[in-house]
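Residue numbers (the working numbering): 38 to 466.
Don't be surprised by glycine CBs; every beta carbon is placed ideally from N, CA and C.
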């Protein structure tokens, strides 16, 4: 029997002549088993780091046997993401049919998302591997997620008529981010406790008061020119950060980084040994930078004001150029050697420890795991703001505060995520 060759991981998922994604050859029990195993492997090691042979071994098959069910690895990824989308679609439909009011429907949907995400990670794959989808597939899935976000926003507005559509959009994104960032929030929390924390955060978001949009500014609204680093190494790091943030580490070439930094490839290699060395330097820059500025701020306040100081620094950092490193850390850390990953994660844990201590000093009933989940929820939403053009944009027709650049996140919107910590810490354990 002649089997199709393995899919090239650098090629997009195949489509038919009409542009529709290729459907798996079989959608039976064995195919579902393959999808579940592949999902776990993709989440743990990354799509590019997993082979067909590894997927087959996870379900007791040889690599060639997997091709009897799927044309290639990309098709497995497509089916894995489709399966996750269908799970959430079922929850939304169930909440619509069972809920007697918008408030009931929203509550049922949140309960369903909590049950789904507390026991399995259904979001990491989408956040990290969506760039491997074909444009037609990506458009379909983004259309679904837009529909989900708009539906949640409509339920929020129905329960809070005082909100504007723009405010409801922000709250909807914040609400859904609580469940799409469960992998970070989980920590050592058992599923039952994780669901309690998720729901407490979600309920506080639904009822929170948003900062008012800034009024018109009659001053000079010309955005300042972006500063170009003077030092050669700094230009290289800046270029790498920008490209990794925009496209992801695997899809950026060394020559592109050199061109963006306005240096030759030979000159670039005088500063770094390769692309992985650049990724390592970028991530250390991000972790050490936030640790330093946070430590400096904490040294200048009394213990009771530590949380306020962390919030101020975090919002400013997220709005600045270094905020671009946050999604790179979340998405591309896996491409570094295990030892380097461990060192970076330990340094990141040192930063979270400051937040955990500050939160628990306000509410001693919260455990360290509870506080860690709250911090991760904050970080998760902020990353979504940084990566979302819609959330980063300001409402049209409004004035822009002096010094705020077009394309930057609206300060009030990012401040929303930080301000939520104040509400979450009042939730009793």
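- Task: Reducing DSSP to helix, strand and coil, say where residue 431 ends up.
- Result: Residue confidence for residue 431 is low, a pLDDT of 44 falling below 50, so the modelled location carries little weight; the figure read from the coordinates is stated next. In this structure, residue 431 counts as coil in the three-state DSSP scheme.
- At which residue ranges does the region 302 to 361 contain complete alpha helix (DSSP H) runs of 4 or more residues, listed in the order of the chain? Fully enclosed alpha helix (DSSP H) runs of 4 or longer: 302 to 308, 312 to 335, 343 to 356.
- Whole-angstrom distance between residue 300 and residue 216, CA atom to CA atom: The straight-line gap from Cα to Cα measures roughly 43 Å.
- Message: On the criterion of 16 or more Cβ atoms from any shown chain inside 10 Å, does residue 255 qualify as buried, or is it exposed?
- Response: Annotation note: pLDDT 47 at residue 255 (below 50); position unreliable, coordinate value reported separately. Taking a 10 Å sphere around the C-beta of residue 255, we find fewer than 16 other C-beta atoms and assign the residue as exposed.
- Item | Beta-carbon gap between residue 376 and residue 316 smaller than 9 Å | A distance of 9 Å or more separates the beta carbons of residue 376 and residue 316.
- Item | For residue 162, the first and last residue of its enclosing alpha helix (DSSP H) | It spans 161 to 166 - the alpha helix (DSSP H) in which residue 162 sits, taken as one unbroken run.
- From residue 387 to residue 296, what distance separates their C-alpha atoms? So the two alpha carbons sit approximately 36 Å from each other.
- Chain-order list of residues whose beta-carbon lies under 8 Å from that of residue 166 (same chain, five-residue window excluded): For residue 166, where only same-chain residues beyond five positions count, the Cβ hits under 8 Å are 79, 83, 84, 114, 118.
- Nearest candidate by alpha-carbon position, reference residue 181, set 234, 238, 121: Nearest neighbour of residue 181 by Cα position, chosen from 234, 238, 121, turns out to be 121.
- Task: Measure the Cβ-Cβ separation of residue 203 and residue 193 and say whether it is below 9 Å.
- Result: The answer is no: Cβ separation not under 9 Å.
- Task: List in chain order: all unbroken alpha helix (DSSP H) runs of 4+ residues lying wholly within the region 50 to 138.
- Result: The alpha helix (DSSP H) runs of length 4 or more contained entirely in the region 50 to 138 are, from start to end of the chain, 66 to 82, 89 to 95, 100 to 103, 110 to 135.
- Rank 345, 350, 393 by C-alpha distance to the C-alpha of residue 329 and give the top, closest one. Selected option, being the one with the closest Cα: 350.
- Message: Is it buried or exposed, residue 307, if we count other Cβ atoms within 10 angstroms and call 16 or more buried?
- Response: Exposed: under 16 other Cβ atoms inside 10 Å.
- Residues in its own chain within less than 7 Å of residue 236 by CB, not counting five upstream and five downstream? The answer, listed in chain order, is 147, 151.
- I think residue 324 touches residue 390, with their Cβ atoms under 8 Å apart; what is that distance to the nearest whole Å? That belief does not hold up - the Cβ atoms of residue 324 and residue 390 are roughly 13 Å apart, past 8 Å.
- Message: Which of the three DSSP states is assigned to residue 171 in this structure?
- Response: Here residue 171 sits in coil by DSSP.
- Task: State buried or exposed for residue 168, treating a residue as buried only when at least 16 other CB atoms are found within 10 Å of its CB.
- Result: Result: exposed.
- Look up residue 297 in the DSSP assignment and say whether it is helix, strand or coil. DSSP places residue 297 in the helix class (H, G or I) of the three-state scheme.
- Item | Nearest residue (CA-CA) to residue 174, options 71, 116, 70 | Residue 116 is the option with its Cα nearest to residue 174.
- Item | When 382, 280, 191, 224 are compared against residue 209, the one with the closest alpha-carbon | Among 382, 280, 191, 224, the Cα nearest to that of residue 209 is on 191.
- Query: Assuming residue 232 and residue 155 make a contact with CB atoms under 8 Å, what is their CB distance in whole Å?
  - Reply: Cβ atoms of residue 232 and residue 155 come within 8 Å of each other, at about 5 Å.
- Query: Would DSSP call residue 400 helix, strand or coil?
  - Reply: Residue state, collapsed to three classes: coil.
- Does the count of Cβ pairs from the region 367 to 374 and the region 283 to 292 closer than 8 Å reach three? As far as the Cβ criterion goes, the region 367 to 374 touches the region 283 to 292, which means the pair count is three or higher.
- Would you mind working out which of 170, 98, 86, 364 sits nearest residue 279, comparing C-alpha positions? Minimum Cα distance to residue 279 is reached at 364.
- Assuming residue 340 and residue 282 make a contact with CB atoms under 8 Å, what is their CB distance in whole Å? The pair is not a contact, with the Cβ atoms about 35 Å apart (cut-off 8 Å).
- Considering only residues of the same chain and omitting the five flanking positions on each side of residue 230, which have a CB-CB separation below 8 Å? The answer, listed in chain order, is 406, 407.
- Query: In chain order, what residues of the same chain lie with their CB nearer than 7 Å to the CB of residue 142, ignoring the 5 residues before and after it?
  - Reply: Here the set comprises 132, 133, 136, 192.
- Taking residue 72 as the reference, which of 103, 378, 99 has the closest Cα? Answer by Cα proximity: 103.
- Message: Suppose you measure from the CA of residue 127 to the CA of residue 160; what does that come to, to the nearest Å?
- Response: The alpha-carbon atoms of residue 127 and residue 160 are separated by roughly 16 Å.
- Task: Quick one: measure Cβ to Cβ for residue 423 and residue 355, integer angstroms, because I've assumed they're closer than 8 Å.
- Result: So it is a contact: roughly 7 Å between Cβ atoms.
- Task: Just tell me which of 404, 125, 392, 274 has its CA closest to the CA of residue 361.
- Result: Among 404, 125, 392, 274, the Cα nearest to that of residue 361 belongs to 274.
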